[in-house]
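Protein chains: 2
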Amino acid sequence: MLPAVTFQPIGIVRTPWETPEGMPIQPVGAGQAWGRAEILDSLAPGLRDLEGFERVILVYELHDPQGRGEPRLEVVPFLDQVPRGIFATRAPCRPNPIGISIVELCKVEGNVLHLRGVDLLDGTPLLDVKPYVPRFDSFPNSRAGWFEKRQDRATTMRADGRFRSPE
Amino acid sequence: MLPAVTFQPIGIVRTPWETPEGMPIQPVGAGQAWGRAEILDSLAPGLRDLEGFERVILVYELHDPQGRGEPRLEVVPFLDQVPRGIFATRAPCRPNPIGISIVELCKVEGNVLHLRGVDLLDGTPLLDVKPYVPRFDSFPNSRAGWFEKRQDRATTMRADGRFRSPE
C-alpha cells in the first residue's frame with residue numbers, strides 16, 4: 136500500500152455550470168463559456184509572467200461526489216456506446232477524481248485568472264496551474280484509440296447525468 | 136481555507152532516473168528513455184482499451200522533497216535566467232507538487248504500461264492515467280509567453296540540482 140498524498144487547494148474555479156447536466160464535456164465544446172480561477176491571495180505572486188500564455192492547464196479535484204459518481208473501472212463514456220477501461224477515458228468516476236482542462240487565458244487581474252472555454256463545475260477546488268507549452272504538450276497526430284473517429288463530437292456533446300450516483 | 140484533498144496512488148513509475156541531476160526536463164528531451172508504470176493489480180481492469188493510444192497523460196506526485204525543493208512563488212526555471220512566477224513555469228517546487236507528463240505508450244502488459252520518453256524520477260507515485268486525445272489536448276500554435284523562443288532547448292536540456300533543498 137503506497138502512502139496517501141494530500142494537497143491543499145490553491146484556489147477555486149467559478150463557472151456557469153452548477154450541475155453536470157448540460158455542461159460541455161471538454162473545453163473544445165465550451166466555446167465562449169467564461170470562468171474565473173480565484174487564487175489564494177497569498178499565492179498571487181506565483182501568477183507573474185502567466186499573461187503571455189494563450190492557454191493554461193488547470194489541475195483540479197472533481198469534487199462533486201454525486202456528479203462524478205462512484206469510482207469504477209469500466210464505464211460507457213459520453214462519446215461511445217460500449218464500456219471502456221476507465222484509464223482509456225476522460226470520465227470523472229476515476230479511482231482518483233483528478234481533472235485536467237486546457238483552457239484559454241484571457242487576462243490576469245491580481246489573484247484572478249479570467250478564462251474561456253471552461254468545462255468545470257462551479258466551485259471546483261483548483262490544485263495547480265501550469266502554462267501550456269506546445270513543444271511539450273501538443274501532438275496533433277497522436278493516435279487516439281477508440282476516440283479516433285469520435286473526438287470531433289466532443290465539440291457539441293453535452294454532459295448528462297450518466298455518472299451521477301443515486302441520491 | 137479550502138478543505139485538503141487526499142488521493143491514494145494507483146501505482147508507481149519505474150524509470151532510469153534516480154536523482155534529478157541529468158534527468159531530461161521534459162518528455163520531449165527524454166528520447167528513448169524507457170519507463171514502466173506498475174498499476175495496482177486491483178485496478179488493472181481499468182487499463183482496457185488503452186493500448187490503441189499512442190500517448191498517455193501521467194498525473195503524479197513530485198515525491199522527492201529534496202529533489203523538488205521547498206515550494207516557492209518565484210523561480211529561475213531551467214530555460215531562463217530571470218525569476219518567473221511559479222505558475223508560469225513547469226518547475227517542481229510548486230505549492231502542490233503535482234506533475235504532468237505526456238509520454239509514449241509502447242505496450243500494455245497486464246497491470247504494466249511500457250512507456251517511452253519518461254522524465255520522472257524512479258519510484259514516482261502515480262495518481263492518474265488519461266488517454267492523450269489531440270482534439271482535446273493539442274494546440275500547436277498556442278502562444279507560450281516567455282517560453283516562446285526557448286521551448287526547443289527543452290529537447291537537449293538536462294536537469295541540475297537547482298531546486299534541491301539544502302540537505
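So the sequences go chain by chain: A and B. Each residue of the first sequence is one higher than the one before, starting from 136 at the first, in the working numbering. Each residue of the second sequence is one higher than the one before, starting from 136 at the first, in the working numbering. Every residue, glycine too, gets a C-beta built ideally from N, C-alpha and C. Only a predicted model underlies this, so the values are computations on that prediction, with no experimental measurement involved.
If you draw a straight line from the Cα of Glu283 (chain B) to the Cα of Arg190 (chain A), it is about 13 Å long. DSSP lists A:Tyr195 as the beta-bridge partner residues of Gly234 (chain A). In this model, Ala168 (chain B) and Leu193 (chain B) are separated by some 15 Å (Cα to Cα).
With a beta-carbon spacing of about 6 Å, Pro260 (chain A) and Val140 (chain B) fall inside the 8 Å limit used to define contacts. For the pair Leu255 (chain A) and Val148 (chain A), the CB atoms are nearer than the 8 Å cut-off. Around Leu185 (chain B), the beta-carbon contacts reaching into chain A at under 8 Å are Gly220, Phe222, Ala223, Gly280. Here DSSP, grouped into helix, strand and coil, assigns Glu209 (chain B) to strand. If you check the CB distance, Ile235 (chain A) and Lys242 (chain B) do not come in under 8 Å. A residue is called buried when at least 16 other Cβ atoms come within 10 angstroms of its Cβ; Val217 (chain B) does not meet this threshold and is exposed. Gly181 (chain A) and Leu208 (chain B) do touch by the CB rule: their CB atoms are close to 4 Å apart, below 8 Å. Each of B:Tyr267, B:Trp281, B:Ser277, B:Gly280 was checked against the Cα of Asn276 (chain A), and the nearest Cα belongs to B:Tyr267. For Ala294 (chain A), no CB of chain B lies under 8 Å from its own CB, so it is not counted at the interface with that chain. The beta carbon of Ala294 (chain A) sits closer than 6 Å to the beta carbons of Pro155, Met158, Ile160 from its chain, once the five residues preceding and following it are set aside; these are given in chain order. When DSSP states are grouped into helix, strand and coil, Pro227 (chain B) belongs to the coil group. A Cβ-Cβ distance of about 7 Å is found for the pair Phe188 (chain B) and Ala223 (chain A), placing them in contact under the 8 Å criterion. Residue environment: Pro230 (chain B) is assigned as buried (16 or more neighbouring CB atoms within 10 Å of its CB, all protein chains considered). Taking 8 Å as the cut-off, the beta carbon of Asn246 (chain B) is found closer than this to the beta carbon of Asp176 (chain B). The alpha-carbon separation between Gly170 (chain B) and Pro269 (chain B) amounts to approximately 23 Å. Counting only Cβ-Cβ distances below 9 Å, Val194 (chain B) has contacts in chain A at Val194, Asn231, Ile233, Ile235, in chain order.
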